[in-house]
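2 protein chains.
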Amino acid sequence: MTVVYNFSAGPATLPGTVLNRAREELLDWHGSGMSVMEMSHRGKEFMSIAQQAEADLRELLVIPADYHVLFLQGGATSQFSMVPMNLLRGRQQADYINTGAWSKKAIAEARRYCSVNLAASSEDSNFTTVPPVDNWQLDPAAAYVHYTPNETIGGVEFDAIPETGAVPLVADMSSTILSRPLDVSRYGLIYAGAQKNIGPAGLTVVIVRNELVGEVLDGTPSMFNYQLHAENGSMLNTPPTFAWYLAGLVFQWIREQGGLEAMAEVNQRKAGRLYEAIDRSDFYNSPVDLRYRSWMNVPFTLADDSLDAEFLIQAGNTGLLNLKGHRSVGGMRASIYNAMPEAGVSALIDFMAEFERSRG
Amino acid sequence: MTVVYNFSAGPATLPGTVLNRAREELLDWHGSGMSVMEMSHRGKEFMSIAQQAEADLRELLVIPADYHVLFLQGGATSQFSMVPMNLLRGRQQADYINTGAWSKKAIAEARRYCSVNLAASSEDSNFTTVPPVDNWQLDPAAAYVHYTPNETIGGVEFDAIPETGAVPLVADMSSTILSRPLDVSRYGLIYAGAQKNIGPAGLTVVIVRNELVGEVLDGTPSMFNYQLHAENGSMLNTPPTFAWYLAGLVFQWIREQGGLEAMAEVNQRKAGRLYEAIDRSDFYNSPVDLRYRSWMNVPFTLADDSLDAEFLIQAGNTGLLNLKGHRSVGGMRASIYNAMPEAGVSALIDFMAEFERSRG
Numbered sequence: 000m001t002v003v004y005n006f007s008a009g010p011a012t013l014p015g016t017v018l019n020r021a022r023e024e025l026l027d028w029h030g031s032g033m034s035v036m037e038m039s040h041r042g043k044e045f046m047s048i049a050q051q052a053e054a055d056l057r058e059l060l061v062i063p064a065d066y067h068v069l070f071l072q073g074g075a076t077s078q079f080s081m082v083p084m085n086l087l088r089g090r091q092q093a094d095y096i097n098t099g100a101w102s103k104k105a106i107a108e109a110r111r112y113c114s115v116n117l118a119a120s121s122e123d124s125n126f127t128t129v130p131p132v133d134n135w136q137l138d139p140a141a142a143y144v145h146y147t148p149n150e151t152i153g154g155v156e157f158d159a160i161p162e163t164g165a166v167p168l169v170a171d172m173s174s175t176i177l178s179r180p181l182d183v184s185r186y187g188l189i190y191a192g193a194q195k196n197i198g199p200a201g202l203t204v205v206i207v208r209n210e211l212v213g214e215v216l217d218g219t220p221s222m223f224n225y226q227l228h229a230e231n232g233s234m235l236n237t238p239p240t241f242a243w244y245l246a247g248l249v250f251q252w253i254r255e256q257g258g259l260e261a262m263a264e265v266n267q268r269k270a271g272r273l274y275e276a277i278d279r280s281d282f283y284n285s286p287v288d289l290r291y292r293s294w295m296n297v298p299f300t301l302a303d304d305s306l307d308a309e310f311l312i313q314a315g316n317t318g319l320l321n322l323k324g325h326r327s328v329g330g331m332r333a334s335i336y337n338a339m340p341e342a343g344v345s346a347l348i349d350f351m352a353e354f355e356r357s358r359g
Numbered sequence: 000m001t002v003v004y005n006f007s008a009g010p011a012t013l014p015g016t017v018l019n020r021a022r023e024e025l026l027d028w029h030g031s032g033m034s035v036m037e038m039s040h041r042g043k044e045f046m047s048i049a050q051q052a053e054a055d056l057r058e059l060l061v062i063p064a065d066y067h068v069l070f071l072q073g074g075a076t077s078q079f080s081m082v083p084m085n086l087l088r089g090r091q092q093a094d095y096i097n098t099g100a101w102s103k104k105a106i107a108e109a110r111r112y113c114s115v116n117l118a119a120s121s122e123d124s125n126f127t128t129v130p131p132v133d134n135w136q137l138d139p140a141a142a143y144v145h146y147t148p149n150e151t152i153g154g155v156e157f158d159a160i161p162e163t164g165a166v167p168l169v170a171d172m173s174s175t176i177l178s179r180p181l182d183v184s185r186y187g188l189i190y191a192g193a194q195k196n197i198g199p200a201g202l203t204v205v206i207v208r209n210e211l212v213g214e215v216l217d218g219t220p221s222m223f224n225y226q227l228h229a230e231n232g233s234m235l236n237t238p239p240t241f242a243w244y245l246a247g248l249v250f251q252w253i254r255e256q257g258g259l260e261a262m263a264e265v266n267q268r269k270a271g272r273l274y275e276a277i278d279r280s281d282f283y284n285s286p287v288d289l290r291y292r293s294w295m296n297v298p299f300t301l302a303d304d305s306l307d308a309e310f311l312i313q314a315g316n317t318g319l320l321n322l323k324g325h326r327s328v329g330g331m332r333a334s335i336y337n338a339m340p341e342a343g344v345s346a347l348i349d350f351m352a353e354f355e356r357s358r359g
């Protein structure tokens, strides 16, 4: 088997033990004679898988009892519409914070449903930092405040949960959920596409305070109605069963690693070592404000960008895959989610040093 | 490994060779060192998988070049909204045919977006037949005609494609697509949840004539806009990559079986043998009009329904799983999609005869 480290931003590397377990069970789950993919979603076998996954996620994130946990389809892009369609609740405006590419997509979609108050933006700094919370121009009449705690493309991450008073806080946590402990009670709604820290693509987790759901805009498709999903235990229609099962295996794996405190310790160390390698050299550069550097997505550039192509080719030859930065920012990006082992980060750091020696 | 035959209506049994192949490739796809689940959807590896799957589906169904083929999320339930949101194109009404539980769901959702003309219904016959096409009250001003060629719950299937003149025909083919050759050119739009004849749950295939897309109702979420998906090659956002890959393996398997003509021959034979077993006995009964009996979903009852529970227990002990009929019709249902081997149907017929001997 080819040994590689895959730094893709998502879909992303999965824990080896999870993939091995999925492989072992692929033809016959627990003696049922069926693959999980073949099970009726309403049968006792899959129901036990689904319930265990939700219970494990609730335990990992210490989700309060008055929150629904939904396992949906459609990715964050669906949430960009679902959030206003469900959370406006008769209000005409919502606050949005613009910290990069994913914020902008959320804002563009929300503008189709309400008046967006751009309460803060770091666009002036080319999204290399986070707008200081003290300067946010929040609207007390807003239905909610939406922000993106970690920008996958820019590699900018909030270091604290913003205070929004009585206005519900909504977060796109696709690229940071489960990377560390989280105070869910501070949020009205959290959503995350699975394909970074949860499992395979095609699953979206939504955690929402019960009292916020139940009223939708006219014309909201039934599939975009949180309340209907909640009433049906995320089985309003056939859910993405195999992705849900994989997510459950990932939750178990995180528990086996020691939970979110342990993940945070490893993630902070991995990111710290990589940023240190970048900072100690003039050959490499990180554009991001020190305070807001992401633990999950580490963009960096080469001082001489004519070497970019050669860097990527040699990295690929060494088994370090998908390091090319997003086309909108250029350079490199190493996504180092929970499932990236420390050995992968070490291999990248070693390669970077070697490449610098040979070309610097 | 436990040997079973799984008659679930969906998610449903998958071809053994497909699952074996998926298992072999689960940790390392073609020497890439990555699971398909871990691949960037925009990388060359997954792009090749996605393109091959589309090419194989186009070849199997002989899809004309002026049709988009979309690989989406959200199941038929999302399509119930997407169809009117995209295909009304300024018109106020659409024709719907009611042949059972899934038709009714499509109708209920469409009513939220337009005036539904119920052009025909078989509700009077308790959905055991199809309303004669000659008596349909089609509206020439309708934006489209929607019908359900195969009703998964009732086991009723059309034996011909209805003629709707210039009005585009739209079909929910979730439980019949790929069961036999199909003249796609007769349709404006075909959709199908994958979890019956295509692959695992979480993927939805849409085949739509190019000229029908581009205009949507105000407030349509971007994820519900066919045109945006078409422009982005079904990668408006991260697609359900693993389900797409599995679908591709299923398409290859169908090609290896001899294509849709070969599938049709086997499917007709499987269904014919099962209906024959039901009809030759007074112990079992099929409620469905002979002419419209489904090849895919075979509901049947026991003359003495007090034996239902015992039938299901003994069947389960024999490895014949998920034969319980839908709660809305009772009795039994054997779903015998493409992937159900003839040996499975034989085992069911043998068991039915043995159960009748012991209890009849």
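So the protein lines, in turn, are chains Z and L. Read the first sequence against numbering that gives the first Met the number 0 and you will find it ends at 359, with the numbers running on by one and no gaps. Read the second sequence against numbering that gives the first Met the number 0 and you will find it ends at 359, with the numbers running on by one and no gaps. We treat Cβ as the ideally placed atom computed from N, Cα and C, and that holds for glycine.
Cβ-based neighbour list, residue i, same chain, cut-off 8 Å, excluding 5 preceding and 5 following
i	result
Z:Thr128	Ser121, Val155, Val287, Asp288, Arg290 and Tyr291
L:Arg20	Leu248
Per-residue DSSP class, three states only, for residue i
i	result
Z:Asn5	strand
Z:Phe45	helix
Z:Ile197	coil
Z:Tyr190	strand
Z:Glu264	helix
L:Pro180	coil
Z:Pro298	strand
L:Asn85	helix
Z:Gln256	helix
Z:Arg208	strand
L:Asn134	helix
L:Val328	coil
Z:Asn19	helix
Contact set between residue i and chain Z, taken where Cβ atoms lie within less than 7 Å
i	result
L:Ser34	Leu13 and Leu18
L:Lys215	What sits at residue 215 of chain L in the sequence shown is Val, not Lys. Simply none; closest approach about 11 Å.
L:Gln363	Not covered by the structure: residue 363 of chain L. The range shown for chain L is 0 to 359.
L:Ser80	Pro220, Ser221 and Met222
Between the CA atoms of residue j and residue i - distance to the nearest angstrom
i	j	result
Z:Tyr95	Z:Thr300	29 Å
L:Pro131	L:Asp158	11 Å
Z:Gly329	Z:Lys323	8 Å
L:Ala100	L:Glu150	7 Å
Z:Gln251	Z:Asp55	7 Å
L:Trp28	Z:Thr203	25 Å
L:Thr147	L:Ile189	10 Å
Z:Gly30	Z:Glu37	13 Å
Z:Pro23	L:Ser34	Going by the sequence as given, residue 23 of chain Z is Glu instead of Pro. Going from the Cα of Z:Glu23 to the Cα of L:Ser34 covers about 14 Å.
Z:Gly315	Z:Ile48	37 Å
L:Ala229	Z:Leu13	29 Å
Whole-number beta carbon distance between residue j and residue i, since they are thought to touch under 8 Å
i	j	result
Z:Cys113	Z:Gln92	6 Å
Z:Val166	Z:His67	Contact flag wrong, Cβ pair sits at about 20 Å.
Z:Leu245	Z:Val3	Not quite, the Cβ-Cβ distance comes to about 20 Å (not below 8 Å), so this is no contact.
L:Ala333	L:Phe6	5 Å
Z:Val215	Z:Asn85	5 Å
L:Val207	L:Val61	The Cβ separation is near 16 Å, so there is no contact.
Z:Tyr143	Z:Gly187	6 Å
Cutoff 6 Å; reference residue i; Cβ partners in own chain excluding five residues on either side
i	result
L:Tyr336	Ala11, Lys195, Asn196 and Met295
L:Gly9	Gln194 and Lys195
Interface partners of residue i on chain L, CB under 8 Å
i	result
Z:Ala21	Leu25
Z:His40	Pro10 and Ala200
Z:Tyr112	Gly218
Z:Val3	Ser31, Gly32 and Met33
Z:Thr76	Ser221, Met222, Leu235 and Asn236
Z:Gly153	Going along chain L, no residue has its Cβ under 8 Å from Z:Gly153, so there is no contact; the nearest lies around 18 Å.
Beta-carbon proximity list for residue i, same chain, < 7 Å, skipping 5 on both sides
i	result
L:Arg179	Leu259, Met262, Ala263 and Asn266
Z:Pro239	Gln72, Gly201 and Leu202
Z:Asp281	Ala302
Within chain Z, partners of residue i - CB distance below 9 Å
i	result
L:Phe241	Pro10, Pro199, Ala200, Gly201, Phe241, Ala242 and Leu245
Contact list for residue i against chain Z, beta-carbon separation under 8 Å
i	result
L:Asn321	Ser39 and Gly42
Residues that residue i contacts on chain L, provided the C-beta gap is smaller than 7 Å
i	result
Z:Gln92	What Z:Gln92 touches in chain L: nothing, since even the nearest Cβ is about 17 Å away.
Z:Gln72	Gln72, Gly73 and Gly201
Interface partners of residue i on chain L, CB under 9 Å
i	result
Z:Ser7	Met33, Glu37, Met38, Ser39 and Gly42
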